[in-house]
Amino acid sequence: RTRYISTELGMRQRLFVGVLTSKSTLNTLGVAVNRTLAHRLERLVYFTGTRGRKVPHGMAVVTHSDEQPIWNMYQTIRYLLDHYVNDFDWFFLVQDDTYTEAHRISSLVAHLSIDTHLYLGRPEEFIGGDTEGRYCYGGFGYLLSRSLLLLLQQHLESCRNDILSARPDEWLGRCIIDYTGVNCAEEHEGLHYHYFELGKNVDPEQETDLRFQSAFTVHPVLDPLQMYRLHKYFAQVELERTYQEIQQLQMEIQNASSLSADGDHSATWPVGIPPPFQPKTRFEVLRWDYFTEEQVYACVDGSPKCELRGADLADVADVVATAMEELNRKYQPVLHVRKQQLVNGYRRFDPTRGMEYTLD
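Position one of the sequence shown corresponds to residue 689 (the working numbering), numbered consecutively onward.
What follows is the structure, encoded as structure tokens:
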């Protein structure tokens, strides 16, 4: 019964994401959201009133058979309670015209207590100002805790019958406030929900607002191309952050190694990479294979020399180009190195480190 262990022990996954879409945008913005979001989440489901005959490949779509916004929101919350409330701790609902930075949302919920009745997003005043409290504006997405949904479950039918509203996010906010007393919050225990309102014709790479650079969600996104441009920008930001973390860890490894009994000799090179394979017998000694830019002197068929081609040729070209980039990065602006010719090249496969190269 291995597959039922998590159910029997009451273990739940961390984050469920629901995207509110429509028949007219499912195949455009919906697909763009899926391509930028799905591969980084545990569960992603699309909710729509109606849809066409064909569903985009690889997308889980739930259809409510009606285009009325309030009815769709009611059915969406009902669907979450019926199918997912026992499987996830947090539920994030967002529109398909919003870019979501999945890594940041996942990191946020990882730092939140699962027992909190939390309604997190961008607070908005109710239209008319007659209702006390504030609801979470749907354009920037909002986070609902499992405990809050369970508290709301018995009142959902009353909300559908008694609350009148033109906007689905406002309707949900009224329902939550009236029956649970929980208001939309932008901050909880020092954790802030960051968002950014995107202007028209904005180039993400030229945007300097710090709120944009730290945003969990960006809204409104007008077309799929803009969604992909936003994804490219935020992916580059996360990549740079990862490189900085790697450099910081390498510095910490070097500092810690200097305090060990062997001093700096205990640190491997490159820093943070496992030490080279140590053969126990002469039969385990790793062989270096000689190569040039056109030929390799160790062939699969046993021939002493053969032409580099295919993946091997591309691999050698990539290694030489990478070596030149590293040399110029290290010595500029004092020295600029240009490749003339690869004189000698040696490579071997280390089972603990991967492929190693020595170049002249």
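Note that the Cβ used here is the ideal one computed from N, Cα and C, for glycine as well. Please read all numbers here as calculations on a predicted model, not as lab measurements.
Which residues DSSP lists as bridging residue i, in chain order
i: residue 880; result: 875
i: residue 1037; result: 1043
i: residue 969; result: Residue 969 is not bridged to any residue.
i: residue 807; result: 832
i: residue 777; result: In the DSSP output, where bridge partners are listed per residue, residue 777 has none listed.
i: residue 706; result: 733, 781
i: residue 701; result: 776
i: residue 983; result: 995
i: residue 652; result: With the chain covering only 689 through 1048, there is no way to say anything about residue 652.
i: residue 885; result: 907
Enclosing beta strand (DSSP E) for residue i [first to last residue]
i: residue 863; result: No beta strand (DSSP E) contains residue 863, which is instead part of the alpha helix (DSSP H) from 856 to 868.
i: residue 823; result: 822 to 824
i: residue 751; result: 748 to 751
i: residue 977; result: 977 to 979
Residue i vs residue j beta-carbon contact at 7 angstroms
i: residue 1035; j: residue 962; result: no
i: residue 806; j: residue 876; result: yes
i: residue 823; j: residue 874; result: no
i: residue 750; j: residue 767; result: yes
i: residue 959; j: residue 938; result: yes
i: residue 964; j: residue 856; result: no
i: residue 892; j: residue 918; result: yes
i: residue 769; j: residue 841; result: yes
i: residue 798; j: residue 728; result: no
i: residue 721; j: residue 705; result: no
i: residue 839; j: residue 868; result: yes
i: residue 833; j: residue 804; result: yes
i: residue 1045; j: residue 1007; result: yes
i: residue 988; j: residue 787; result: no
i: residue 794; j: residue 703; result: yes
i: residue 992; j: residue 716; result: no
i: residue 1015; j: residue 1025; result: yes
Spatially closest choice to residue i from the options, by CA coordinates
i: residue 1066; options: 827, 737, 762; result: Within the shown structure, residues of the chain are numbered from 689 to 1048, placing residue 1066 beyond reach of any answer.
i: residue 996; options: 1045, 978, 700, 867; result: 978
i: residue 831; options: 734, 1024, 778; result: 778
i: residue 1005; options: 837, 1027, 926, 957; result: 1027
i: residue 848; options: 765, 801, 871; result: 765
i: residue 999; options: 1017, 982, 990; result: 982
i: residue 699; options: 776, 705, 889; result: 776
i: residue 915; options: 927, 936, 889, 902; result: 889
i: residue 901; options: 911, 913, 884; result: 884
i: residue 967; options: 1018, 931, 911, 1038; result: 1038
i: residue 734; options: 724, 716, 709; result: 709
i: residue 741; options: 936, 969, 800, 714; result: 714
i: residue 896; options: 911, 878, 879, 925; result: 925
i: residue 879; options: 792, 936, 813; result: 792
i: residue 844; options: 825, 866, 854; result: 866
i: residue 759; options: 854, 1017, 934; result: 854
i: residue 1031; options: 980, 1002, 972, 753; result: 980
i: residue 724; options: 747, 935, 743, 737; result: 747
i: residue 809; options: 945, 861, 773; result: 861
i: residue 835; options: 820, 774, 816; result: 774
i: residue 753; options: 946, 737, 930; result: 737
i: residue 1001; options: 701, 930, 1033, 957; result: 1033
i: residue 1043; options: 1019, 1020, 1003, 726; result: 1003
i: residue 942; options: 1018, 957, 932; result: 957
Residue range of the alpha helix (DSSP H) that includes residue i
i: residue 736; result: Counting along the chain, residue 736 falls outside any alpha helix (DSSP H), though it belongs to the beta strand (DSSP E) covering 731 to 736.
i: residue 930; result: 912 to 946
i: residue 771; result: 757 to 771
i: residue 1008; result: 998 to 1019
i: residue 727; result: Where residue 727 is concerned, there is no enclosing alpha helix (DSSP H), given that its DSSP letter is neither H nor E.
i: residue 1024; result: Per DSSP, residue 1024 belongs to no alpha helix (DSSP H) and is neither H nor E.
i: residue 793; result: 790 to 798
i: residue 814; result: Counting along the chain, residue 814 falls outside any alpha helix (DSSP H), and DSSP gives it neither H nor E.
i: residue 848; result: 844 to 850
i: residue 899; result: 898 to 901
Assumed close pair residue i, residue j - CB separation to whole angstroms, cut-off 8 angstroms
i: residue 904; j: residue 881; result: 6 angstroms
i: residue 872; j: residue 811; result: 4 angstroms
i: residue 1011; j: residue 1047; result: 6 angstroms
i: residue 781; j: residue 829; result: 7 angstroms
i: residue 711; j: residue 739; result: 5 angstroms
Beta carbon proximity, residue i to chain B, threshold 7 angstroms
i: residue 940; result: No chain B appears in this structure, which consists of one protein chain only.
heavy atom of the ligand NAP below 6 angstroms from residue i C-beta
i: residue 823; result: As far as ligands go, the structure on display features none, and thus does not contain the ligand NAP.
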